[in-house]
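*Asks:* So the mapping is simple: this note's numbering equals the position in the sequence shown, first residue as 1, plus 47. Here it is: the structure, laid out below.
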Amino acid sequence: MSINPEIIHLLKTAQHVAILTGAGVSAESGVPTFRDAFSGLWEDFDPTELATPEAFLANPKMVWDWYAMRRTMIGEVAPNPGHHALVALESIVPKLTLITQNVDGLHQAAGSQAVLCLHGNLQRVRCFSNGHYVTEWAETDSVPVCPTCGDMLRPDVVWFGENLPVLEIETAFAAAADCDVFLAIGTSALVHPAASLPIEALKHGNPVIEINPEETPLTRSATYQLNGPSGVILPELVAAIT
Ligand code: BV8
48 MSINPEIIHL
58 LKTAQHVAIL
68 TGAGVSAESG
78 VPTFRDAFSG
88 LWEDFDPTEL
98 ATPEAFLANP
108 KMVWDWYAMR
118 RTMIGEVAPN
128 PGHHALVALE
138 SIVPKLTLIT
148 QNVDGLHQAA
158 GSQAVLCLHG
168 NLQRVRCFSN
178 GHYVTEWAET
188 DSVPVCPTCG
198 DMLRPDVVWF
208 GENLPVLEIE
218 TAFAAAADCD
228 VFLAIGTSAL
238 VHPAASLPIE
248 ALKHGNPVIE
258 INPEETPLTR
268 SATYQLNGPS
278 GVILPELVAA
288 IT
């Protein structure tokens, strides 16, 4: 696809690039997005109804098993050219702030150095009430418990209705306000407060480039829209500014 020369100029001259990624960036690695139905056993479940503390307390084993399935799935996939292009971009632009909503750890696996994880990480596990981190546990027919305090274990992700980590979200808003250009990549722009980040950039007069094969609530406000998969567009973008 031919990329608007104004976008290339923006990225070539930017001192600070801020990037927000969503599940769409991992789609080409074979990870279902939240808007896709999870396959098989889970296809009848709405992720936004499973990813809550209420769902976990109501049916701990079901929610624990949903995350165990996702953890196994993530262990079988690899970063895609979109993740690798963002690693390359980090070495080209003077300052890059990579903010992700994803919990799959694929940016880190691709080699991105500083990743602001707004919603935690699926691979990390802690106990529900006291935050004791656990690196290994025995899978039994009930939810494993914390060896330190005996409380149920849970994935170290931010569920709907839970607060985001303060340092990460404050740093993300500061980057949106400070950056010379903001890229919103592979996100449906529906989940807050992450979805407010590109709006924060626009409020500070910073141009927003959306990369997504579909339209989102952000599309009409974005300064530019690159319509296509991030695994194709991002390598082309990096090649165009190198
Ligand atoms: C909070 C971890 C304070 C768990 C996740 C303000 C307004 C409205 C609502 C709220 C608001 N403030 C708070 C809320 C409530 C809620 C919310 O936003 N609800 C939504 C549903 C309306 N937010 C919260 O609860 C947040 N907490 O604000 O705390 C508070 C405290 C108490 C009470 C109230 C407030 C916590 C939100 C975090 C939830 N946890 N993940 C887990 O993963 O299991 S969010 C989860 O869903 C994902 O992490 C992800 O972030 C999100 C899905 O969003 P996307 O990443 O955008 O993915 P999605 O599938 O939606 O879209 C994929 C996109 O990719 C699509 O557009 C598609 O076209 C595109 N795509 C597909 N293929 C490709 C592609 N793009 C590029 N290339 C491709 N190849």
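For each residue, glycine too, the CB sits at the ideal point set by N, CA and C.
Exposed or buried, proline 94, counting other C-beta atoms within 10 Å across all chains shown (16 or more means buried)?
*Replies:* As a first step, residue 94 is located in the sequence shown; it is residue number 47 there, counting from the start. Buried: at least 16 other Cβ atoms inside 10 Å.
*Asks:* Using three-state DSSP, classify phenylalanine 220 as helix, strand or coil.
*Replies:* Residue 220 sits at position 173 when you count from the first residue of the sequence shown. Helix, per DSSP.
*Asks:* Going residue by residue through the segment 192 to 249, where are the continuous beta strand (DSSP E) segments of at least 3 residues, counting only ones entirely within it?
*Replies:* Runs found: 200 to 204 and 228 to 232.
*Asks:* Comparing the CB of valine 110 with every heavy atom of ligand 1, is any distance shorter than 7 Å?
*Replies:* Translated into positions along the sequence shown, residue 110 becomes position 63. No - ligand 1 has no heavy atom lying nearer than 7 Å to the Cβ of valine 110.
*Asks:* Taking 7 Å as the limit between beta carbons, can you name the residues of its chain near glutamate 215, skipping five residues before and five after?
*Replies:* As a working note, residue 215 is residue 168 in the sequence shown. Counting only Cβ-Cβ distances below 7 Å, and skipping sequence neighbours, we find Leu163, Cys164 and Leu165.
*Asks:* Distance check for alanine 221 and leucine 211, CA to CA, integer angstroms please.
*Replies:* Counting from 1 along the sequence shown, the entry for residue 211 is found at position 164. Counting from 1 along the sequence shown, the entry for residue 221 is found at position 174. Leucine 211 and alanine 221: Cα-Cα distance of roughly 15 Å.
*Asks:* Below 8 Å, can you find three or more Cβ-Cβ pairs linking the segment 237 to 244 to the segment 129 to 140?
*Replies:* Segments in contact, no.
*Asks:* Extract the residue ranges of the alpha helix (DSSP H) inside the segment 124 to 165, only unbroken runs of 4 or more that lie entirely within it.
*Replies:* Listed in chain order, the complete alpha helix (DSSP H) runs (minimum 4 residues) inside the segment 124 to 165 are 128 to 139 and 153 to 157.
*Asks:* Indicate whether glutamate 137 and glutamine 155 have their beta-carbon atoms separated by less than 8 Å.
*Replies:* Taking the sequence shown and counting its residues from 1, one reaches residue 137 at position 90. Taking the sequence shown and counting its residues from 1, one reaches residue 155 at position 108. Taking 8 Å as the Cβ cut-off, glutamate 137 and glutamine 155 do not qualify as a contacting pair.
*Asks:* In the DSSP output, what is isoleucine 258 paired with across the bridge?
*Replies:* Taking the sequence shown and counting its residues from 1, the one referred to as residue 258 is at position 211. According to DSSP, which records beta bridges pairwise, isoleucine 258 is partnered with Ile232 and Leu273.
*Asks:* Is the beta carbon of isoleucine 256 sitting closer than 8 Å to the one on alanine 269?
*Replies:* Here residue 256 corresponds to residue number 209 of the sequence shown, with the count starting at 1. Here residue 269 corresponds to residue number 222 of the sequence shown, with the count starting at 1. The answer is yes: Cβ separation under 8 Å.
*Asks:* Can you tell which of Ser176, Gly77 and Pro128 has the C-alpha that lies nearest to the C-alpha of arginine 117?
*Replies:* For the purposes of this step, residue 117 is taken as the residue at position 70 of the sequence shown. The shortest Cα separation from arginine 117 among Ser176, Gly77 and Pro128 belongs to Gly77.
*Asks:* Kindly indicate which three-state DSSP category histidine 63 falls into: helix, strand or coil?
*Replies:* Residue 63 sits at position 16 when you count from the first residue of the sequence shown. Correct three-state label for histidine 63: strand.
*Asks:* Compute the distance between the beta-carbons of cysteine 193 and valine 181, then report whether it is under 8 Å.
*Replies:* Residue mapping note: residue 193 aligns to position 146 of the sequence shown, counting from 1. Residue mapping note: residue 181 aligns to position 134 of the sequence shown, counting from 1. The answer is yes: Cβ separation under 8 Å.
*Asks:* Should glutamate 247 go down as buried or exposed, given a rule of 16 or more other Cβ atoms within 10 Å for buried?
*Replies:* Your numbering for residue 247 matches position 200 in the sequence shown. So glutamate 247 ends up on the buried side.
*Asks:* Can you tell me whether glutamine 62 is buried or exposed? The criterion is at least 16 other CB atoms within 10 Å of its CB, across all chains shown.
*Replies:* Sequence index remark: in the sequence shown, residue 62 carries index 15 (1-based). Exposed.
*Asks:* Taking 7 Å as the limit between beta carbons, can you name the residues of its chain near glycine 158, skipping five residues before and five after?
*Replies:* Numbered from its first residue, the sequence shown carries residue 158 at position 111. Val134, listed in sequence order.
*Asks:* Does the beta carbon of glutamine 272 fall short of 7 Å from some heavy atom of ligand 1?
*Replies:* Locating residue 272 in the sequence shown gives position 225, where the first residue counts as 1. Not so, every heavy atom of ligand 1 lies at least 7 Å from the Cβ.
*Asks:* How big is the Cα-Cα spacing for alanine 287 and proline 276?
*Replies:* Your numbering for residue 287 matches position 240 in the sequence shown. Your numbering for residue 276 matches position 229 in the sequence shown. If I take the Cα positions, the gap works out to 17 Å.
*Asks:* For a quick check, are the C-beta atoms of alanine 70 and alanine 223 less than 8 Å apart?
*Replies:* As a working note, residue 70 is residue 23 in the sequence shown. As a working note, residue 223 is residue 176 in the sequence shown. No, these two residues do not count as a Cβ contact at 8 Å.
*Asks:* Judging by CA-CA distance, which residue of Leu273, Leu200, Asn177 and Gly178 is the nearest neighbour of alanine 185?
*Replies:* As a working note, residue 185 is residue 138 in the sequence shown. Alanine 185 has its Cα closest to that of Leu200, out of Leu273, Leu200, Asn177 and Gly178.
*Asks:* Below 8 Å between beta carbons: does that hold for histidine 203 and cysteine 174?
*Replies:* In the sequence shown, residue 203 corresponds to position 156, counting from 1. In the sequence shown, residue 174 corresponds to position 127, counting from 1. Reading the sequence as shown, one finds aspartate at residue 203 and not histidine. Going by C-beta atoms, aspartate 203 is not nearer than 8 Å to cysteine 174.
*Asks:* If you measure between the beta carbons of threonine 68 and threonine 234, is that distance less than 8 Å?
*Replies:* As a first step, residue 68 is located in the sequence shown; it is residue number 21 there, counting from the start. As a first step, residue 234 is located in the sequence shown; it is residue number 187 there, counting from the start. Result yes, Cβ atoms of threonine 68 and threonine 234 sit closer than 8 Å.
*Asks:* When you measure from the CB of proline 264 to every non-hydrogen atom of ligand 1, does any distance come out below 7 Å?
*Replies:* Mapped onto the sequence shown, residue 264 falls at position 217. No - ligand 1 has no heavy atom lying nearer than 7 Å to the Cβ of proline 264.
*Asks:* Cutting at 7 Å between CB atoms, please list the residues of its own chain near lysine 250, excluding the five before and the five after it.
*Replies:* Counted from its first residue, the sequence shown places residue 250 at position 203. Taken in chain order, the list of residues that qualify is empty.
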